[in-house]
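Protein sequence lines, in the order shown, are assigned to chains A and B.
Letter 250 of the first sequence, counting from 1, is numbered 250 in the numbering used here, and no numbers are missing.
So the number in the numbering used here is just where the residue sits in the second sequence, counting from 1, plus 1000.
Just below is one structure, and these are the notes that go with it.
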Amino acid sequence: MYQFSSKLKTAAFALMIIGALGIGWGFLSAPSTVEEAKEIVAHSNDGHHGGVGSADAHADSHADEHHDASHDVHTLHQLQNRPWSAVYVGIFFFMMIALGVLAFYAIQHVAQAGWSIVLFRVMEGITAYLPIGAVILFAFLVLSSLHMNHVFAWMDPALVDPDSPTFDHLLYDKKGYLNVPFFLIRSAIYIAGWLWYRHYTKKQSLKLDAAAEGDLTHYKKTFKASAIFLVFFLVSESMMSWDWLMSIDHHWFSTLYGWYVFAGMFVCGITTIAMITIYLKSKGLLEYVNDSHIHDLAKFMFGFSVFWTYLWFSQFMLIWYADIPEEVTYYVQRFEEVKVPFLTMVAMNFAFPVLLLMNSDYKRLPWFVVMGGIVILLGHYIDVYLLITPGSVGAQWKFLSVEVIGSMLFFLGLFIFVVFTALSKSPLKVKGNPFMKESENYHY
Amino acid sequence: MSSRVIHAIYNDDDVLMSAVKEVRAANHHIEEIYTPFPVHGLDKAMGLPHTRIAITAFMYGLVGLCTAMWMMNYIMIENWPQNIGGKPSFSFFYNLPAFVPIMFEMTVFFAAHLMVITFYMRSKLWPFKEAENPDPRTTDDMFLMEIPVTGDEKEMTAFLESTGAVEIKITEKH
């Protein structure tokens, strides 16, 4: 049985408080009028990244007053989006870790994997964040629908009103899919499906613990539920990525986007499993987890990092090669405005894991796996940041800013608190699983 | 030193594994073991050093990557930088995404093929190579342990019999 150490609890609360202050500061310093926005842009112009400068040059070249005014409103919206978008990155990133672990958990059941049974409680602990993370995410979507922010620009009714001066014909054609009620209903369905599976399997897992020796009813129920869930998950995950991420750049579309988001969440989930397992093992609580289990997790981290890169590159290269204007703007914007994080992220998520986790011996060293894991998680945080921010904040992005770091820390603290509270609620070793012995004796 | 060897034949891989441990504990040198299929953990029981073929594969992969990069940089950028469909052939990095599929395939090609050739050379395998099998049954259902004779032959035979060998032969090493 794991006891939530008071030190870790204090650390989690400290993270949440610091993070909340950072987020609060971000909202307070966001401009509310065009004049304030102009001042902020003028301020950050001296010696900051090139994006702002080029955006200004663009504005200067159009002396036309009307255009200038609409440009200013645009900048104001981007600056107002900054704290919202920063919070959304944090919300989505930690939610996606829990969701990735849930998918991994379901796969372990359906594949009848023999090695991972000893890690089931760690996985169940991590997915305990999903109910909270997904509900916060849904609340964010509701707030966006109520026009509290402009993160999802397509939610602006003026864009689909043929009489409005800002009428957007392309968006009008997508109205059947991208409209607020349908969007919220869809989101609620995905979240409900995931939460049902998470709730159901956790219950079955505890029942299996208490079941008589050789009673496999609950094991079989979990197996069936996992198979059904995986079908639902693949559809809902793909649609979720269109709704929650791709619609931020609502003129752009890509077919392998859902897989790309999935690969990112999967590798983050596995990395988190590995890191929490190593942490608990270092406390002496998982003595039946040996370095072969760590090795397997590290292999998954390696393999899915490469898989993520494969999808990233496939999406990028196809669009770069064909160079069709309506698609390529997505990458033109990222290369012009956020080049440094964009390329750093690829190096962190590909080159680093490939070189460090290739050696079989290194994959058995906990500190090596933890180091690799930190880089992978940070790299994917930047990845999520780059999925959301260029579409909502554009050239006004600022990665190392109070609200981005604050949001990261706040949700990290919340994640740690929820996950370790859940871990302390049930024994760290499941009982009654027919593969338990194989898992305990697992050696690679 | 005599060139005589003992061939101890076993008919079960579990018996063979425990025999290997006993023989090593008794400080006899095992010259070779012939098995019809890979016996998991046999290399560890025999105390064989780790293979380094993965390291060679990694280096071959790097060679392939460098070859691909050098080749395409020379052909597409330096030698004749044509405008083909508007691709930016001004520098290697401008046109890098188009080269990546080839860089990847060449890395895999070099790593795989050179590693296989290394394996053939190191294990001395080639067409028309004369088989070195001391007993044809070892490709079917028998396991054979070859131990050079040192000291008393009778004592060694008795010892090997106690480890579960079903048949023991003493022959000249060829």
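Backbone N, C-alpha and C fix where the C-beta goes; we use that ideal spot for every residue, glycine too.
Query	Result
Residue-chain proximity (residue 1045 of chain B, chain A), Cβ-Cβ < 9 Å	no
The region 429-437 of chain A / the region 115-123 of chain A touching (three or more Cβ pairs under 8 Å)	yes
Proximity test, Cβ basis, 9 Å: residue 329 of chain A and chain B	no
Residues near residue 389 of chain A by beta carbon distance below 6 Å, same chain, minus five either side	85, 397
Neighbouring residues, chain B, relative to residue 320 of chain A (Cβ below 7 Å)	1097
Assumed close pair residue 184 of chain A, residue 142 of chain A - CB separation to whole angstroms, cut-off 8 Å	7 Å
Coil, strand or helix - residue 1157 of chain B by DSSP	helix
Three-state secondary structure assigned by DSSP to residue 1148 of chain B	strand
Start-to-end residues for the alpha helix (DSSP H) that takes in residue 128 of chain A	No alpha helix (DSSP H) holds residue 128 of chain A; DSSP gives it neither H nor E.
Cβ pair count under 8 Å reaching 3, the region 221-232 of chain A against the region 264-276 of chain A	no
Contact belief for residue 137 of chain A with residue 91 of chain A at Cβ below 8 Å, rounded distance in angstroms	5 Å
Supposed contact pair residue 294 of chain A and residue 366 of chain A - C-beta distance, whole angstroms, cut 8 Å	6 Å
Residue 62 of chain A - DSSP class collapsed to helix/strand/coil	With a pLDDT of 43 at residue 62 of chain A, under the threshold of 50, the modelled position of that residue is not reliable, and the figure given next carries that caveat. Of the three classes helix, strand and coil, the one that applies to residue 62 of chain A here is coil, per DSSP.
Minimum Cβ-Cβ distance from residue 313 of chain A to chain B less than 9 Å	yes
Residues that residue 405 of chain A bridges to, as DSSP identifies them	Answer is none; residue 405 of chain A lacks a bridge partner.
Helix, strand or coil at residue 1056 of chain B [DSSP, three-state]	helix
Start-to-end residues for the beta strand (DSSP E) that takes in residue 1117 of chain B	Element bounds for residue 1117 of chain B: not the beta strand (DSSP E) but the alpha helix (DSSP H), 1096-1122.
DSSP bridge partner residues for residue 1032 of chain B (one or two, in chain order)	B:1146
Residue of B:1087, B:1070, B:1086 minimising C-alpha distance to residue 1079 of chain B	B:1070
Residue 380 of chain A in three-state terms, based on DSSP	helix
Within 9 Å, strictly: CB atoms of residue 381 of chain A and residue 358 of chain A	no
Interface partners of residue 317 of chain A on chain B, CB under 9 Å	1097, 1098, 1100, 1101
Straight-line Cα distance separating residue 1157 of chain B from residue 1004 of chain B	13 Å
Proximity below 9 Å, CB of residue 149 of chain A to CB of residue 267 of chain A	no
Sub-9 Å separation of residue 1121 of chain B and residue 1036 of chain B beta-carbons	no
Cβ-Cβ distance between residue 387 of chain A and residue 245 of chain A below 9 Å	yes
Residue 240 of chain A at chain B interface by Cβ criterion, 9 Å	no
Span separating the alpha-carbon of residue 292 of chain A from that of residue 441 of chain A	10 Å
Straight-line Cα distance separating residue 1111 of chain B from residue 1058 of chain B	7 Å
Bridge partner(s) assigned by DSSP for residue 443 of chain A	Answer is none; residue 443 of chain A lacks a bridge partner.
Identified DSSP bridge partners for residue 1010 of chain B	B:1143
Residue 466 of chain A at chain B interface by Cβ criterion, 9 Å	Residue 466 of chain A lies beyond the stretch modelled for chain A, which goes from 1 to 444, so this question has no answer here.
Check whether residue 371 of chain A and residue 356 of chain A have beta carbons under 9 Å apart	yes
Outcome for residue 52 of chain A when other beta-carbon atoms lying within 10 angstroms are tallied against a minimum of 16	At residue 52 of chain A, the pLDDT of 42 sits below 50, so the modelled position is not reliable; the number obtained from the coordinates is stated separately. So residue 52 of chain A counts as buried.
Inter-stretch contact (C-beta, 8 Å, three-pair minimum) for the region 413-420 of chain A and the region 7-24 of chain A	yes
Beta carbon of residue 114 of chain A nearer than 9 Å to that of residue 438 of chain A	yes
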